[in-house]
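The next block holds one structure in the form of structure tokens; read it before the comments.
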Amino acid sequence: MMSAAITRNPIDVATLITQLADPRLGGTVAFLGSVRRGPEDGAVTVIEYSAYEDMVVAELERIVRDARAQWPDAVCAAQHRVGSVPAGEPSIAVVAAAPHRGAAFEACRFVVDEAKRRLPVWKRERFEDGTSQWREG
Amino acid sequence: MMSAAITRNPIDVATLITQLADPRLGGTVAFLGSVRRGPEDGAVTVIEYSAYEDMVVAELERIVRDARAQWPDAVCAAQHRVGSVPAGEPSIAVVAAAPHRGAAFEACRFVVDEAKRRLPVWKRERFEDGTSQWREG
Amino acid sequence: MNKHGQAVSNGTISIRCRFFARFAELLGRDGCELTVPAGATVSDAVQLVRQAVEHGDRLPDTPLTAVNCEHVHADHRLADGDELAFLPPLAGG
Amino acid sequence: MNKHGQAVSNGTISIRCRFFARFAELLGRDGCELTVPAGATVSDAVQLVRQAVEHGDRLPDTPLTAVNCEHVHADHRLADGDELAFLPPLAGG
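Protein chains in written order, with the working numbering: chain D, 1 to 137; chain B, 1 to 137; chain F, 1 to 93; chain C, 1 to 93.
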């Protein structure tokens, strides 16, 4: 279920959704978190994501297990991209599917929140002017 | 923003997501509601969806406007499929994008719930044995 | 003249009724024209359809209704040229 | 012998430290081997790294830590062969 929790390539959410497709599961919720370049974000062109990759895989498995304990009929998949991610492209995708939509929304939100809180991933922002900085939190 | 609110073809959620993509919007949430064939659903092979199509378009516009009133920085798109939808395939997709994930989750959930409550759409279930029946609610 | 180019009779208005899904099956048709007294409400029009249209009594007393593509309550007042839709219980999504 | 094939000295254990992201930059390295007293906690190991490893004092007193790919608190007791990871503030997603 947790195939390819880490990828160096653009995230393909349609494939993640297809992996969870099951006629018993009527509701599917997908989250994409993208590199933002908004008014408060400066001229970020790229974020370089690095990770403690073995632990990302292990922690995602634990997060999905925690989700299953709360929503036993939901299934989840998640993927974090590492390396250079241009502004506007997703760095993380989480998909949850369940027989009914409530559990799918709640399980997806839980996995996203826990992933942001628990995954050992770091980001270095690169700006238009060639500078860069670690961005924490 | 509400292009092609009704479709006769399989729903392409990746395209809907791409339509809302914007580097200022860091969080995107997509919902897919699929024709379920679970233990309580009998041997449903296909659901035939029919709709009051002009009103579906108008009502979706109103729902999206209501979502904007509550989450002003979110954008939403939704699509309902009509005609024959085989078990396991989506009949409705809703996508919401916002600068932060909280608003994206909430706006998506709101549009899904309101669509289920307000859209003039009906379904006729077709079973393996060749019988069919209107399914209300 | 109303917007359909028909003369508006003294004190009456013309509306278009539409029947969807199971209602269209019950009535064997998907719509009809209806002349109702000026000032009639949705509820008045529903009762008229139930009495005057063949198999109209197969419709519920208080169906969901929409006027001009917008949900309305039974006490909504109709205007000439309105489209009144009779909606079976919704089942979208 | 521990699992790295090294002799376990009387009363000491060997662990592998790993430094990530900004911590790796601060120390100019991404890891080191460390020998600590048997019974040492994560907190003990962190203090040893801060004293014994070049530029170790650039690390915070109480960094986030993980042992064998699992988040742990500072009072977690280390075992021979453990991998102790020093994690800058997380910024995933």
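Positions of the beta carbon are idealized from the N, C-alpha and C atoms, including for glycine.
Query	Result
D:Ala-77 and D:Phe-110 closer than 9 Å at C-beta	no
CB contact below 9 Å: B:Phe-127 versus chain D	no
Close Cβ partners of B:Ala-95 (< 6 Å) along its chain, the five nearest in sequence each way excluded	With the sequence shown as reference, residue 95 of chain B is identified as Val, and Ala is not the correct amino acid for it. Contacts found: Leu-16, Ile-17, Leu-20, Ala-30, Ala-77.
Integer Cβ distance of D:Arg-126 from D:Glu-48, believed to fall under 8 Å	7 Å
7 Å Cβ shell around D:Tyr-52 - same chain, five flanking residues per side excluded	Pro-120
Euclidean distance between Cα positions of C:Arg-18 and D:Arg-8	22 Å
Rounded C-alpha distance that separates F:Gly-48 from F:Ile-13	Note that residue 48 of chain F corresponds to Leu in the displayed sequence, not to Gly. If you take the alpha carbons of F:Leu-48 and F:Ile-13, they lie about 13 Å apart.
Contact check, F:Leu-59 vs F:Ile-15, beta carbons under 9 Å	no
Nearest neighbour of D:Arg-135, chosen from D:Lys-123, D:Glu-128, D:Glu-59 [CA to CA]	D:Lys-123
Assumed close pair C:Pro-88, C:Ala-21 - CB separation to whole angstroms, cut-off 8 Å	5 Å
Own chain partners of D:His-100 with C-beta closer than 6 Å, once the 5 adjacent residues on each side are dropped	Gly-27
Check: D:Pro-99 C-beta below 8 Å from any heavy atom of the ligand SAH	Ligands are entirely absent from the displayed structure, and the ligand SAH is therefore not among its contents.
Backbone secondary structure at B:Gly-26 - three-state DSSP	coil
Simplified DSSP assignment, three categories, for B:Arg-135	strand
D:Ala-115: first and last residue of the uninterrupted beta strand (DSSP E) it sits in	Element bounds for D:Ala-115: not the beta strand (DSSP E) but the alpha helix (DSSP H), 101-118.
Residues that DSSP places opposite F:Pro-88 in a beta bridge	The partner list for F:Pro-88 (beta bridge, DSSP) is empty, contrary to what the question assumes.
Whole beta strand (DSSP E) elements within the segment 47-92 of chain F, 3-residue minimum	64-67, 70-72, 83-87
Three-state secondary structure assigned by DSSP to B:Arg-8	coil
Assumed close pair C:His-55, C:Leu-26 - CB separation to whole angstroms, cut-off 8 Å	6 Å
Nearest-angstrom Cα separation, counted from D:Val-75 out to C:Met-1	Model confidence at C:Met-1 stands at a pLDDT of 46, short of 50, so the residue's coordinates are unreliable; what they give is reported in the following sentence. One C-alpha to the other measures close to 43 Å.
Rounded straight-line distance, which links the Cα of F:Leu-78 to that of F:Gly-39	7 Å
Of the residues F:Pro-37, F:Gly-28, F:Asp-30, the one placed nearest F:Gly-81, counting alpha carbons only	F:Pro-37
Residue interval of the beta strand (DSSP E) (run including D:Arg-124)	121-127
F:Arg-29 (DSSP reduced to helix, strand or coil)	coil
Within-9 Å CB hit, D:Ile-6 to chain B	no
Contact set between D:His-100 and chain C, taken where Cβ atoms lie within less than 8 Å	Residues of chain C passing the Cβ test: none, with the nearest at roughly 26 Å.
Residue from D:Ser-84, D:Arg-24, D:Ala-43 with nearest C-alpha to B:Pro-90	D:Arg-24
Any chain F beta carbon closer than 9 Å to B:Ile-92	yes
Collapsed DSSP secondary structure at C:Arg-18 in the structure displayed	strand
C-alpha distance - B:Ala-97 paired with B:Trp-71, whole-angstrom precision	10 Å
Inter-residue Cα distance where the pair is D:Met-55 and D:Val-82	14 Å
Pairwise C-alpha distance: C:Phe-23 and C:Asp-57	11 Å
Three-state class that DSSP yields for B:Ala-93 in the structure shown	strand
Beta carbon proximity, C:Ala-66 to chain D, threshold 9 Å	yes
Neighbour flag for B:Pro-10 against chain D, beta carbons, 9 Å	no
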